[in-house]
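Structure, as structure tokens:
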Amino acid sequence: MTRTETARRLHPDFPLGFTPEAVRRRIEALEMLLERSVTIPGIGRKVGLDAIAGLVPVAGDVLTAALGLYIVWEAKMLGVPKWKLARMVANVAVDTAVGAIPIAGDLFDFAFRSNSMNLKIVQRHLDKHHPETRIIEG
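Here our numbering runs 17 ahead of the position in the sequence shown, where the first position is 1.
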């Protein structure tokens with residue numbers, strides 16, 4: 018039994034759904050919120066909650082780390098291999114550790130997009146194991 022089937026059996030009435038397509042949509046939406054939800058006027062650079070919340074010492078970094086780890090949890094429920102999960106956790110850990118450094122960490126958050134990297138890992142897994150979830154962009 019896969020992790021997704023186990024999760025469905027344990028939580029059959031879970032409102033968000035555990036289908037690979039539903040997971041893909043949730044992770045893509047969360048990545049958009051964390052990394053590309055706001056455009057900085059004047060320079061046109063997109064940033065998200067990760068960079069903005071990082072300006073709030075400690076609490077902002079803890080919040081964005083928790084949201085980043087939620088993406089890892091969703092990937093685990095999809096059956097992403099452990100070595101890829103470890104890579105995803107490392108991405109979140111680096112983003113959190115360096116992002117916690119005052120000023121330098123805030124600049125780092127603008128460039129290092131751990132959630133985007135983790136989204137790509139999950140998308141590659143879904144494209145290989147659940148190709149029906151693939152979205153064709155035109």
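Note that CB positions come from ideal geometry on N, CA and C, so glycine has one too.
Nothing here was measured: the structure is a model prediction, and the numbers come from that model.
Can you give me the C-alpha to C-alpha distance between A46 and D67, rounded to a whole angstrom?
14 Å
Any chance the segment 90 to 97 sits against the segment 48 to 56, with 3 or more Cβ pairs inside 8 Å?
For the pair of segments examined, the segment 90 to 97 was found not to touch the segment 48 to 56: the number of CB pairs separated by less than 8 Å stays below three.
Spatial neighbours of F125 within its chain, please: CB distance less than 7 Å, with the 5 preceding and 5 following residues excluded, ordered by chain position.
Residues V115 and G116 of the same chain have their beta carbon placed closer than 7 Å to that of F125, with the five preceding and five following residues left out of the count.
With distances taken from CA atoms, which of K145, H147 and N132 is nearest V64?
N132
What residue from R41, G34 and F35 has the CA that sits closest to H142's CA?
R41
How long is the line joining the alpha carbons of K101 and N135, rounded to whole angstroms?
9 Å
Drop a sphere of 10 angstroms on the beta-carbon of D78, count the other beta-carbons inside from all chains shown, and report buried for 16 or more, exposed for fewer.
The residue is buried, with at least 16 neighbouring Cβ atoms inside 10 Å.
Please report how far the alpha carbon of P74 lies from the alpha carbon of T113, in whole angstroms.
11 Å
Taking the C-alpha atoms as reference points, what is the distance between R130 and W90?
18 Å
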